[in-house]
Every structure is written in C-alpha cells, then in structure tokens.
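To start, the structure itself, in structure tokens.
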Amino acid sequence: MRKSSLIHKLDWQTKRKSNQSDIYTSVDKFGLIENADFILHDGPPYANGSIHFGHALNKILKDFIVRYQKLHGKSVSFVPGWDCHGLPIELTAIDNNFSLLPSEVRKASLKRAEDCMSDQASSFKRLNIHADWNHPYSTLDPTYQATVIRAFCDLHKKGYILREHKPIYWSKTTRSAISDSELEYNPEHESPSLYFLVELSGYRKYPAHAVIWTTTPWTIVANEAVIFNRPYRLMPGDFVEQNKGTGFVHCAPAHGREDFDFARRNGLPLVSYFLAITAQTLLRKTFLL
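Heads up: the sequence shown begins at 1271 in the working numbering, then just goes up one per residue.
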C-alpha cells in the first residue's frame, strides 16, 4: 500500500485533537534525558523518502513501550531521530547526475534530508506516535557530529582505532565504496571459471606446474601466491574446497577479504591494484576496473 493510502486511512479527528492540545509535549510531559526514569532510544530511519509500513510498525511498537511506561507513572524520554548519512540519500538527491561537485552533492543531500525529515515527522504525528517531536535529533546536526568525533577521539586515545588497508566493494556506477548490506546478488548468475598453470620454480630438476582453478579470472594479474588446503605443504588455507576445482586456488589479496586476511597472516604483499578510471587512464593500453 502506498504512503498516501496509509495516511488517508488514519483518524483525522485524532490528528486535529493532537494539534490543538499539543499532546506531544504538554500532556505527555516528556522528561529530559538526565531526569527521565525510562529512556527509549530511537533507532532512526533513513531520511531518504516517505514512510512505509516498516517505518509505521517500528514507531508503533515503540509507542506501545512509551505508553506502557507512562501508565506506570514513569518520566519517559523518547527522542525521535533520523539517519541522514549514506549513499541512499545521495543517490536520490543527485538523481543520477554524477557530474556534480562534492560541495554540490552535499548541498543537495542536505536539502533532500531536511525535506524527508519534515515529511516523515508529519506522517508519524498523524499516526499519533508519542515522542518529543519538538526536540528531535539527526545525524546532520553539528552537535551530533561533534559528539561522534569526540567519541572517536576517545577510542583512538585508548588504542582501539587502527589504520590498515582492507578490500572493499566498489561501485563503478556511483564511483563509491558500498557496504555488504547494499550488495544484491543475482541467484541466477553463473561465475566464469578458469583452469591455468603456474610454474613451480626450483622444483627438483624437472619442469613442474600446479593446476590452478579460479572463479575470478580477472584477478590473476594481482596474484601473490598459490594456496593449498590441509594437509598439503606450502600455504594451507581452510577456505579452499577439495571437492571443487583442483584443490589449488590462486591468492589475490587486493580482490577479496579471505585472500586479504590470508595474505596478512602469512606476510604476503598487500598491493592495491585499483586505478581510477579517468580520461587519461582510458587512453592507456591496459587498465584495471
């Protein structure tokens, strides 16, 4: 059901009474966090569109908790919030215009987030969700960002923050890193596989080769090692499956988390083979995506 259908089915008389009596503040008497007997943290929605039934279910369940605690005479603090960072907001803000400057992207994303927060807050109020709507928080608020930076600095001072290389998923379309949750795998996709030979140098006095099997042939140029499964000698890797391929796989640390972790444990070179695609690199004879 679309958002319009969801909202229009609400009790508009309740909405009018809510606006007249301002039940979100004057009647509910939401306590400040430092004085509250019960605090409910709001896992915030993304500010990248109108609300849907998932948003409604989330807020209604929280509303049950807030009302229950108030019926027991407790001072409750429930501050609603919004997550205003991330690729989804940027994509809806720029509308596939990837030629924008970073400053223009940030400006468009800010406008998009503010519009969505206003729209979602209005919809949640129509659902009669009891929350401190006069004092919401958002991740784009400078005070919120300063708090996050201070917390990060505290973790760094205590030695919990390390700076290391790691492989990431990269979107050629958005020219941005993407998280695991943003990946969508096609269950019908079939990965190409390839068998190839790797010469074993210094193996007695006769030429010898290892028959390697890989489902990512485009990563062979980044190869740093050949991995065997136990109980074979050389470099054993538990993620090598003996019932697939040849039992030998090549290791490209720059192209996968398992290979990267394996290389780091065994002291292999951690070389980045990423090359930004620009007008200059496209003119080269070879380049990597």
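Ideal placement from N, C-alpha and C gives every residue a C-beta, glycine not left out.
Keep in mind it's a predicted model, so treat the numbers as computed, not measured.
Of the listed residues the options, nearest to residue i (C-alpha basis)
| i | options | result |
| --- | --- | --- |
| VAL1491 | GLU1460, ALA1480 and ALA1524 | ALA1524 |
| TYR1455 | HIS1426, TYR1439, ALA1522 and TRP1483 | TYR1439 |
| THR1486 | GLY1526, ALA1447 and PRO1539 | GLY1526 |
| HIS1435 | ASP1529, LYS1340, VAL1375 and PHE1323 | ASP1529 |
| PRO1539 | ALA1401, ASN1493, GLU1458 and HIS1520 | ASN1493 |
| SER1451 | GLY1356, ARG1396, LEU1380 and CYS1423 | GLY1356 |
| ILE1321 | LYS1377, CYS1423 and LEU1397 | LEU1397 |
| THR1362 | LEU1453, GLY1319, GLU1374 and TRP1403 | GLY1319 |
| VAL1346 | ASN1305, TYR1430 and LYS1329 | ASN1305 |
| PRO1315 | LYS1377, ALA1391 and CYS1423 | ALA1391 |
| PRO1437 | ARG1376, PHE1532 and SER1471 | PHE1532 |
Beta-carbon separation (whole angstroms), residue i vs residue j, contact threshold 8 Å
| i | j | result |
| --- | --- | --- |
| ALA1317 | CYS1386 | 4 Å |
| SER1393 | CYS1354 | Contact flag wrong, Cβ pair sits at about 17 Å. |
| PRO1406 | GLY1351 | 6 Å |
| LEU1310 | LYS1332 | 6 Å |
| ILE1448 | SER1441 | 5 Å |
Under 8 Å between C-beta atoms of residue i and residue j
| i | j | result |
| --- | --- | --- |
| ASP1389 | PHE1348 | no |
| ARG1382 | ILE1359 | yes |
| PHE1368 | ARG1433 | no |
| VAL1519 | TRP1488 | no |
| VAL1496 | ALA1522 | no |
| ILE1364 | LEU1370 | yes |
| LEU1380 | LEU1410 | yes |
| ILE1399 | LYS1329 | yes |
Contact test: residue i Cβ vs the ligand PLP heavy atom, cutoff 7 Å
| i | result |
| --- | --- |
| PHE1334 | Because no ligand of any kind appears in the structure shown, any question about the ligand PLP cannot be addressed here. |
Residues that DSSP places opposite residue i in a beta bridge
| i | result |
| --- | --- |
| ILE1465 | It should be pointed out that residue 1465 corresponds to Tyr in this sequence rather than to Ile. Beta-bridge pairing links TYR1465 to TRP1483. |
| CYS1521 | ALA1495 |
| TYR1439 | ILE1448 |
Open item on the list: Suppose only complete runs of 4+ residues qualify. What are the alpha helix (DSSP H) ranges in the segment 1291 to 1363, listed by chain order?
Closed with: 1323 to 1341
TODO: For the segment 1403 to 1435, list the alpha helix (DSSP H) runs that are entirely contained and at least 4 residues long, ordered along the chain.
DONE: The alpha helix (DSSP H) runs lying completely inside the segment 1403 to 1435 and spanning 4 residues or more are 1412 to 1427, given in chain order.
- [ ] With a floor of 4 residues, list each alpha helix (DSSP H) that falls wholly inside the segment 1371 to 1406, ordered by position along the chain.
- [x] 1372 to 1396
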